[in-house]
Amino acid sequence: MSRQPINESIRRLLEDNPNILHVADKTTLEHRTVSNHLNREFQQDESGKVLLTVITYLYYDKGQPAYLSAVKDVATKEILAYELMISLSMPIVYRKQDKLEEALGENLHPEIIFHSDQGVHYTHPEYQKRLKDLNIKQSMSHCWDIAPMESFFGHMKDEMDFRQCQTYDELKQLVDEYIYDSNNRRYH
1 MSRQPINESI RRLLEDNPNI LHVADKTTLE HRTVSNHLNR EFQQDESGKV LLTVITYLYY
61 DKGQPAYLSA VKDVATKEIL AYELMISLSM PIVYRKQDKL EEALGENLHP EIIFHSDQGV
121 HYTHPEYQKR LKDLNIKQSM SHCWDIAPME SFFGHMKDEM DFRQCQTYDE LKQLVDEYIY
181 DSNNRRYH
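So for the sequence shown, the UniProt record's numbering puts the first residue at 1; every next one is plus one.
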């Protein structure tokens, strides 16, 4: 078969399906990432020095999505704050941050590093300003550089059947119980 018929087939396919090729949006100057200050140094001795955060999807009922944003202390392996919402809008990270600030009070580690992926929530100028105003050093990298946080979510999804929850309130209760149990009764 010659190249001409293949190229013609591809052209027709693209004409019939204009969205088949999606070019990923590039990070703009307003949403630029910051340096990776953690460099996968997950062995930490000082509580509150390195905090990880990420957002994960939880599906309940008949595939209804909910989103869980959490902060994990690398040294203690404790979930310090979290927010569960049915919307992936910016308030999910702001509410989680409010809970974290309440939990930590004024006891911020002087060299605190807040590490996340490069998602739109964490690159948002208002979110970055909020961290800067609190003298929190923001650190970013790829999702595999947040392995302990991703591992926590992976274990949670393996151990819990969120699809059995028929309502958001049931899902919230299950998440609350799992995190409480993880923080208070489990070996880390």
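All C-beta atoms, glycine included, are put in the ideal place defined by N, C-alpha and C.
These figures come from a predicted structure and were not determined experimentally.
- Secondary structure note for Ile55: its beta strand (DSSP E) is the uninterrupted segment Val50 to Tyr60.
- Pairing Ser116 with Ser139, the inter-Cα distance amounts to about 6 Å.
- Per DSSP, the beta bridge partners of Leu68 are Thr56 and Leu84.
- In this structure, the alpha-carbon of Val54 lies about 44 Å from that of Glu8.
- In the three-state reduction of the DSSP assignment, Lys137 falls in the strand class, which pools E and B.
- With fewer than 16 other beta carbons inside 10 angstroms of its own, Cys143 counts as exposed.
- For the options Tyr59, Arg40, Leu58 and Tyr60, the alpha carbon positioned closest to that of Leu52 is the one of Arg40.
- According to DSSP, residue pairing for Asp73 in a beta bridge involves Leu51.
- Cβ neighbours of Lys72 within its own chain (closer than 8 Å, five residues either side excluded): Leu51, Leu52, Thr53, Glu78, Ile79, Leu80, Pro148, Met149 and Phe152.
- Note that the C-beta distance between Lys49 and Ile92 is not below 8 Å.
- Under a 10 Å Cβ-count criterion, His121 is classified as buried, with 16 or more other Cβ atoms of the shown protein chains found around its own Cβ.
- Put simply, the backbone Cα of Glu126 is about 14 Å away from that of Ile136.
- A distance of 8 Å or more separates the beta carbons of Gln44 and Ala70.
- Judged by DSSP in its simplified three-state form, His155 adopts helix.
- Going by DSSP, Ile112 is part of no alpha helix (DSSP H) at all; its letter is neither H nor E.
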